[in-house]
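Q: These protein sequence lines map, in sequence, to chains A and B.
Just so we're aligned, residue 1 is where the first sequence starts under UniProt numbering, counting upward by one.
Just so we're aligned, residue 1 is where the second sequence starts under UniProt numbering, counting upward by one.
Just so you know, even glycine gets a beta-carbon here, dropped at the ideal spot from N, CA and C.
I'd like to ask you about the structure that follows.
Protein chains: 2
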Amino acid sequence: MSERIYTAGLVVIGDEILSGRTHDKNIAQVASWLQVQNIRLAEVRVVPDVVERIVEAVNALREAYDYLFTTGGIGPTHDDITVDAVAEALGVAVVVHPTARAILEKYYADKGGLNEGRLRMARVPEGAELIPNRMSGAPGIKIGNLHLMAGVPHITAGMLDALTGTLEGGAPLLSETVGGFIPESEVAILLRDTEKAFENCQIGSYPFFREGKVGSNFVIRSTDEAALKACMAQLCEGLDAAGFAFTHGGI
Amino acid sequence: MSERIYTAGLVVIGDEILSGRTHDKNIAQVASWLQVQNIRLAEVRVVPDVVERIVEAVNALREAYDYLFTTGGIGPTHDDITVDAVAEALGVAVVVHPTARAILEKYYADKGGLNEGRLRMARVPEGAELIPNRMSGAPGIKIGNLHLMAGVPHITAGMLDALTGTLEGGAPLLSETVGGFIPESEVAILLRDTEKAFENCQIGSYPFFREGKVGSNFVIRSTDEAALKACMAQLCEGLDAAGFAFTHGGI
């Protein structure tokens, strides 16, 4: 098992997210999926449907992280410009992918056939492979460390599913949770000191309001299982000493 | 009315968003609120609880846009480092704000009083003002064009409400919507050509699946009311000529 920590960036493309019209679901979906792949989502940028802005974000994140994912802008309409922007970022041409074209011809055979708009969805940056789309016709696109996926969340889910297990990942990030009706402000020092005592562990504190009461879940994350266990034991001891009831696994 | 278009950036701070544990609600909330203020959300970055990463994002976005908002990392625990990072980005000290301290003393008077963790929430970058928090004790923070808000969405909602009407905005972005059970791939050329015919208008296409059918809403946006009306008229004429039924206001 590699000790290296693999990282990813995500660029969410679309005016509809920035206008508040559409509530993004892809950040959470891609983040959760990456956790399972043992890859850490390190940054997300949401940018408008403007070529230069997409190029800038794609170039910044594809160089900073091991993998880059994009969602949105690969549909049939004039505002779907992700392929053009990514090709520009990579300095390659846009070409029609013959397999993508064949997939779309088959998919639209009984829906009026291909037209100019639909054919847009067969365009890829030169050198790209396809990511299967199990939900509708148009495939996703993989080129180098970039993965271009749909904006519609259930289509993206299918593309992620197709990618599962295909990316080289690193040390799995382990986590353990403990929670209770504990106001985080009463244990802030305990959390800080416990984290400080274990170099390889991070403790996140996630407050909530439920049943009219304040509570928190505390999540310890580490790639080192022994450190994680020891850190959790020390945290639980501290919570116990402070007189708080808690539940392993969180509440 | 100013012709200038005011813009904003948003930095969402928190490991819990990047891990997929928490589903972000602040992007949509801040985006919708900014629309009403006539300010365009131009970019969002989601970054981890790491000082250098927050500093980098804050500096990039506060210089690129008229306003910058942050959500997350202003609570009582050790992983709440937004104030420190913003002070570093601005090159100012962190100080205890006397009014914030008084608010917290009052809020926690019958909850065990102030402790080191709770007192953290009175810390601000030197020179900052407070943003009222109508939901719980700790206030938000305003300094220059920066607005630091909570991560918990209903607390952020209260802070946005307190800021309503206080920011200098620009020309209102107008929008009109038309929609129907129209596959966007069948009208992609019409959308592109209509947008091209009206320089000041943008057309967004938002497909959906409902009642087992494919449909789309088309949103035209412009700061020019006459252009918006003319663009909408031309789009409707085109949809009509193509034999599609549609509804003003969208479906």
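Below 8 Å on the Cβ atoms is my guess for A94 of chain A versus V83 of chain A; work out the distance and round it to an integer in Å.
A: Looking at the sequence shown, residue 94 of chain A is not Ala but Val. Sure, about 6 Å apart at Cβ, within 8 Å.
Q: Do the CB positions of L148 of chain B and I74 of chain B come within less than 7 Å of each other?
A: Contact: yes.
Q: Within the continuous beta strand (DSSP E) that includes L68 of chain B, where are the two ends?
A: That run of the beta strand (DSSP E) goes 67-71.
Q: In whole angstroms, give me the CA-to-CA distance for G180 of chain B and S19 of chain A.
A: Distance between the alpha carbons of G180 of chain B and S19 of chain A is about 21 Å.
Q: Rounding to the nearest angstrom, what Cα-Cα distance links G165 of chain B and Q37 of chain B in this structure?
A: Cα to Cα, the separation comes out at about 7 Å.
Q: Taking residue 296 of chain B as part of the beta strand (DSSP E), name the residues at either end of that continuous run.
A: Residue 296 of chain B is absent from the structure shown; chain B starts at 1 and stops at 251.
Q: Can you confirm whether A242 of chain B, when its beta carbon is compared against all beta carbons of chain A, has any partner nearer than 7 Å?
A: Chain A contact via Cβ: absent.
Q: Can you confirm whether the segment 53-70 of chain B touches the segment 168-176 of chain A when touching is taken to mean that 3 or more C-beta pairs between the two stretches lie within less than 8 Å?
A: Touching, no, given that fewer than three Cβ pairs across the two stretches are closer than 8 Å.
Q: Does chain B have any CB closer than 7 Å to the CB of Q234 of chain A?
A: Q234 of chain A does not count as touching chain B.
Q: Kindly say whether Y67 of chain A, judged by its beta-carbon, lies nearer than 7 Å to any beta-carbon of chain B.
A: Not one chain B Cβ lies under 7 Å of Y67 of chain A.
Q: Using the DSSP secondary-structure output, state which residues sit across from T247 of chain A in a beta bridge.
A: Paired residues: A:G179.
Q: Using only the alpha-carbon positions, how far apart do G140 of chain A and R45 of chain B sit?
A: About 24 Å.
Q: Hey, is the segment 151-161 of chain B in contact with the segment 85-94 of chain A, meaning 3+ C-beta pairs nearer than 8 Å?
A: Segments in contact, no.
Q: Among the candidates B:E184, B:G117, B:D49, whose CA atom is the shortest distance from the CA of R120 of chain A?
A: Measuring from the Cα of R120 of chain A, the nearest candidate turns out to be B:E184.
Q: Using 10 angstroms around the beta-carbon of A233 of chain B, count the other beta-carbons present and answer buried if the total reaches 16, otherwise exposed.
A: Burial call: exposed.
Q: Please state whether DSSP places G76 of chain A in a helix, a strand or coil.
A: At residue 76 of chain A the sequence reads Pro, which differs from the Gly that was named. Coil.
Q: Give the residues of chain B in contact with P207 of chain A, contact being defined as C-beta atoms less than 8 Å apart.
A: Here the neighbours are G75, V152.
Q: Starting from S32 of chain A, trace the beta strand (DSSP E) both ways and give me its first and last residue.
A: Premise fails: S32 of chain A lies in the alpha helix (DSSP H), 26-36, not in any beta strand (DSSP E).
Q: Does residue 252 of chain B come out as helix, strand or coil in the three-state DSSP assignment?
A: Nothing about residue 252 of chain B can be reported from this structure: the residues present for chain B run from 1 to 251 only.
Q: If we ignore side chains and look at the alpha-carbon of each, how far apart do P48 of chain B and G204 of chain A end up?
A: Spanning the two alpha carbons is a distance of roughly 11 Å.
Q: Are the CB atoms of A28 of chain A and H154 of chain B nearer to each other than 7 Å?
A: Cβ atoms of A28 of chain A and H154 of chain B: not closer than 7 Å.
Q: Considering E186 of chain B, what are the terminal residues of the beta strand (DSSP E) in which it resides?
A: Note, E186 of chain B: premise wrong, no beta strand (DSSP E); not H, not E.
Q: If the criterion is Cβ atoms closer than 7 Å, does the pair L130 of chain A and A100 of chain A meet it?
A: Their beta carbons are under 7 Å apart, which means L130 of chain A touches A100 of chain A by this criterion.
Q: Please identify, using Cβ separations under 9 Å, the residues of the segment 8-25 of chain A that lie next to chain B, in order along the chain.
A: Answer in chain order: L10, V12, G14, D15, E16, I17, L18, S19, G20, R21, T22, H23, D24, K25.
Q: Whole alpha helix (DSSP H) runs in the segment 90-162 of chain B with 4 or more residues, listed along the chain?
A: Taking only runs of at least 4 residues, the alpha helix (DSSP H) segments lying wholly in the segment 90-162 of chain B are 98-107, 116-120.
Q: Report buried or exposed for D79 of chain A, applying the criterion of at least 16 other Cβ atoms within 10 angstroms of its Cβ.
A: D79 of chain A comes out buried.
Q: Going by CA-CA distance only, name the one from B:L114, B:L10, B:Y107 that's closest to L68 of chain B.
A: L68 of chain B has its Cα closest to that of B:L10, out of B:L114, B:L10, B:Y107.
Q: With a cut-off of 7 Å, does the C-beta of A188 of chain B fall near any C-beta of chain A?
A: Closer than 7 Å to some Cβ of chain A, the Cβ of A188 of chain B qualifies, so yes.
Q: Could you tell me whether any Cβ in chain B is nearer than 7 Å to the Cβ of H248 of chain A?
A: Not closer than 7 Å to any Cβ of chain B, the Cβ of H248 of chain A fails to qualify, so no.
Q: Less than 7 Å between CB atoms is the rule here; does E237 of chain B satisfy it with respect to chain A?
A: By this cut-off, E237 of chain B is not an interface position.
Q: Give me the DSSP bridge partner(s) of R40 of chain B.
A: Looking at the DSSP assignment, R40 of chain B forms a beta bridge with B:T7.
Q: Below 6 Å CB to CB, which residues in the same chain sit around Y107 of chain B once its five sequence neighbours on both sides are set aside?
A: Contacts found: G137.
Q: Spell out the partners DSSP gives S216 of chain A in its beta bridges.
A: According to DSSP, S216 of chain A bridges with A:G180, A:P207.
Q: How big is the Cα-Cα spacing for I17 of chain B and R192 of chain B?
A: Their backbone Cα atoms lie some 36 Å apart in a straight line.
Q: Please tell me whether C201 of chain B and C231 of chain B are closer than 7 Å, where the distance is taken between their beta carbons.
A: Yes, Cβ-Cβ distance for C201 of chain B and C231 of chain B is below 7 Å.
Q: Comparing alpha-carbon positions, which option in B:L167, B:G238, B:R210, B:G212 lies nearest Q197 of chain B?
A: The question names Gln, but residue 197 of chain B is Ala in the sequence shown. Of the listed residues, the one whose Cα sits closest to A197 of chain B is B:G238.
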